[in-house]
Amino acid sequence: MAKKKEEVKFKYYPTPYEIITPSNFPPIEISESNPITEEGVLLGRHLFWDTRLSGDNSISCANCHSPQNAFSDNNQYSIGINGDIGTRNSMVLQNLAWSNDFFWDGRALTLEEQVLSTVVKKTEMDEDWSNFFNDIKFDENYNKMFYEAFGVKNPDSNHVSKAIAQFLLTMISSNSKYDKVLRNEAVFTPEENAGFASFNSFNGGDCFHCHGSVMGTDFSYKNNGLDHTPVDSGRGIVTGKDRDNFKFKVPSVRNIEYSAPYMHDGRFNSLDQVINFYSIGVHPNSPNIDPLMEFSSQGGIQLDLQERQELKAFLLTLSDPDFINNPKFSNPF
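My numbering puts the first residue of the sequence shown at 1, with every later residue one more than the last.
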């Protein structure tokens with residue numbers, strides 16, 4: 001008589017994931033509602049790369065957040081599964097543990113909320129959660145990972161969003177040449193040093209007001225004078241306040257070498273174009289232009305060719321090849 005096949009039993013003993021905060025970074029506050037575990041991160045990594053999270057199984061999160069582009073999109077606008085073209089450039093995914101809200105307009109207050117909204121959005125992944133769970137219903141690997149991460153046999157969308165959020169929180173970039181200089185492990189070239197001085201000078205590049213922290217951003221929302229008559233109301237759409245119209249989240253300049261195109265609408269294809277804009281292209285009468293754009297009345301900071309090259313040389317020291325090539329963030333399939 002054949003023996004009855006024993007049911008496979010999964011174990012739920014989640015292992016706390018230790019995020020090592022870089023010595024020059026602020027401390028991290030992890031939400032108690034979604035503690036990071038080894039199992040949760042592993043599950044999140046699989047989900048991040050899984051095309052079954054889209055309605056026609058054609059794209060994953062990674063399609064619009066590619067490692068080689070610092071987990072952003074090198075297209076001006078990403079294209080959804082139904083051919084819909086977005087209106088804003090995909091944001092970089094790095095050092096998100098230090099951010100308090102997400103998207104260019106800050107409409108998501110948590111990473112979990114960001115994930116949930118993107119998966120179901122008709123112009124993006126356009127997936128129905130019931131379809132996704134039907135697709136993976138008999139996937140033994142997923143059944144195992146969901147149970148080991150959350151102790152559930154019938155996971156739902158919240159478990160997906162929590163797992164992907166845990167994975168995203170581990171994506172820390174802190175090993176650029178700039179970081180090594182801060183740790184006294186490297187030195188700037190004369191050109192890079194001049195660019196660094198300009199970056200932090202009121203009479204130079206004047207970048208430090210918004211990008212001067214170790215994170216490369218102050219996480220605020222500003223209008224930097226891109227247009228005389230802006231079209232996208234940005235932060236104002238979320239808050240409903242006129243004073244927030246045309247403001248967008250200040251992006252980090254970390255890994256800026258990899259994350260072209262630039263600005264919320266991806267209008268600039270190169271760093272040279274960005275630096276030229278801040279030098280001579282600012283629109284001083286743009287509504288709600290930020291007061292920190294001190295030289296807007298003259299069209300910008302008026303850097304000469306050498307000063308622009310020096311500033312660019314410093315910005316390139318913010319590149320972290322270890323981050324974009326980290327095998328822990330790569331496709332697990």
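We put the beta carbon where it would ideally sit given N, CA and C, even for glycine. All figures in this text were calculated on a predicted structure; none of them were measured in a lab.
Problem - Beta-carbon separation (whole angstroms), S296 vs H228, contact threshold 8 Å - result: The Cβ separation is near 11 Å, so there is no contact.
Handout entry: Where the alpha helix (DSSP H) containing R267 begins and where it ends
Key = Here R267 belongs to no alpha helix (DSSP H), and DSSP marks it neither H nor E.
Problem - Alpha-carbon spacing of S198 relative to F138, whole angstroms - result: About 58 Å.
Handout entry: Residues near G234 by beta carbon distance below 6 Å, same chain, minus five either side
Key = Answer for G234: D105, F246, K247 and F248, listed in chain order.
Problem - Cutoff 6 Å; reference E124; Cβ partners in own chain excluding five residues on either side - result: Around E124: G80 and T118.
Practice task
Find the nearest neighbour of F268 within the set L53, L315, N89 and K153, judged by alpha-carbon distance.
Solution key: Among L53, L315, N89 and K153, the Cα nearest to that of F268 belongs to N89.
Exercise for the section: Have a look at S31 and Q166 and give me their C-alpha separation to the nearest angstrom. Expected result: Just so you know, the alpha carbons of S31 and Q166 end up roughly 10 Å apart.
Handout entry: Simplified DSSP state of G299, which is helix, strand or coil
Key = Looking at G299 - three-state DSSP - the assignment turns out to be coil, as it is neither helix nor strand.
Practice task
Starting from K312, trace the alpha helix (DSSP H) both ways and give me its first and last residue.
Solution key: L305 to L315 is the extent of the alpha helix (DSSP H) around K312.
Exercise for the section: Could you check how far apart the C-beta atoms of G216 and L318 are, in whole angstroms? I think they sit under 8 Å. Expected result: Between L318 and G216 the Cβ distance is about 7 Å, and since that is below 8 Å, they are a contact.
Handout entry: Between the CA atoms of A163 and V41 - distance to the nearest angstrom
Key = Using only the alpha carbons, I get a separation of about 6 Å.
Handout entry: Coil, strand or helix - S66 by DSSP
Key = S66 falls in the strand class under three-state DSSP.
Practice task
Using 10 angstroms around the beta-carbon of G240, count the other beta-carbons present and answer buried if the total reaches 16, otherwise exposed.
Solution key: Per the 10 Å Cβ criterion, exposed.
Handout entry: Alpha-carbon spacing of K5 relative to P327, whole angstroms
Key = In this prediction, K5 has a pLDDT of 45, which is less than 50 and means its spatial position is unreliable; what the coordinates show is noted afterwards. Straight-line Cα distance between these residues: approximately 37 Å.
Exercise for the section: Determine contact between the region 90 to 99 and the region 20 to 37, defined as no fewer than three beta-carbon pairs at a distance below 8 Å. Expected result: Flag = yes, the region 90 to 99 and the region 20 to 37 touch.
Practice task
Using three-state DSSP, classify I172 as helix, strand or coil.
Solution key: DSSP, reduced to helix, strand and coil, places I172 outside both helices and strands of the structure shown, so it counts as coil.
Problem - Where N223 sits in the DSSP three-state scheme - result: Strand.
Handout entry: Inter-residue spacing [alpha-carbon to alpha-carbon] between N141 and F10
Key = Rounded to whole angstroms, N141 to F10 spans 11 Å at the Cα level.
Exercise for the section: Mind reading off the beta-carbon distance from V92 to A70? Whole number of angstroms is fine, and I expect it under 8 Å. Expected result: Right, their Cβ atoms sit about 5 Å apart.
Problem - Backbone secondary structure at I85 - three-state DSSP - result: Residue state, collapsed to three classes: strand.
Handout entry: Cβ-Cβ distance between S54 and E127 below 9 Å
Key = Yes; because the gap between Cβ atoms is below 9 Å, this pair is in contact.
Handout entry: Coarse secondary structure for I136, derived from DSSP in three states
Key = Looking at I136 - three-state DSSP - the assignment turns out to be coil, as it is neither helix nor strand.
Practice task
Could you tell me the distance, in whole angstroms, from the CA atom of I324 to the CA atom of N255?
Solution key: Computed Cα separation, rounded: 9 Å.
Handout entry: Reduced DSSP category for F108 - H, G, I as helix; E, B as strand; rest coil
Key = The question names Phe, yet the displayed sequence has Ala at residue 108. In the structure shown, A108 sits in a strand (DSSP, three-state: E or B).
Handout entry: Straight-line Cα distance separating S130 from K37
Key = A small correction: the amino acid at residue 37 is Thr; Lys does not occupy that position in the sequence shown. So the alpha carbons of these two residues sit roughly 26 Å apart.
Exercise for the section: Could you tell me which residues DSSP puts in a beta bridge with K249? Expected result: Note: K249 sits in a beta bridge opposite Y221.
Problem - Which listed residue (F314, H46, I85 and P27) has its alpha carbon closest to that of T189 - result: Among F314, H46, I85 and P27, the Cα nearest to that of T189 is on F314.
Handout entry: Local conformation of G236 per DSSP, three classes
Key = DSSP places G236 in helix when its eight states are reduced to three.
Problem - For L168, the nearest candidate out of T87, G205 and W49 (CA to CA) - result: For the options T87, G205 and W49, the alpha carbon positioned closest to that of L168 is the one of W49.
Exercise for the section: Whole angstroms is fine: what's the gap from T122's alpha carbon to N82's? Expected result: According to the sequence shown, residue 122 is Lys rather than Thr. Each residue's alpha carbon lies about 8 Å from the other.
Exercise for the section: With DSSP as the reference, please indicate the residues paired to S72 in a beta bridge. Expected result: By DSSP's assignment, S72 forms a beta bridge with S66.
Problem - Alpha-carbon to alpha-carbon, V152 and G212 - result: Whole-angstrom Cα-Cα distance: 44 Å.
Exercise for the section: Would you list the one or two residues that DSSP bridges to P16? Expected result: DSSP lists T37 as the beta-bridge partner residues of P16.
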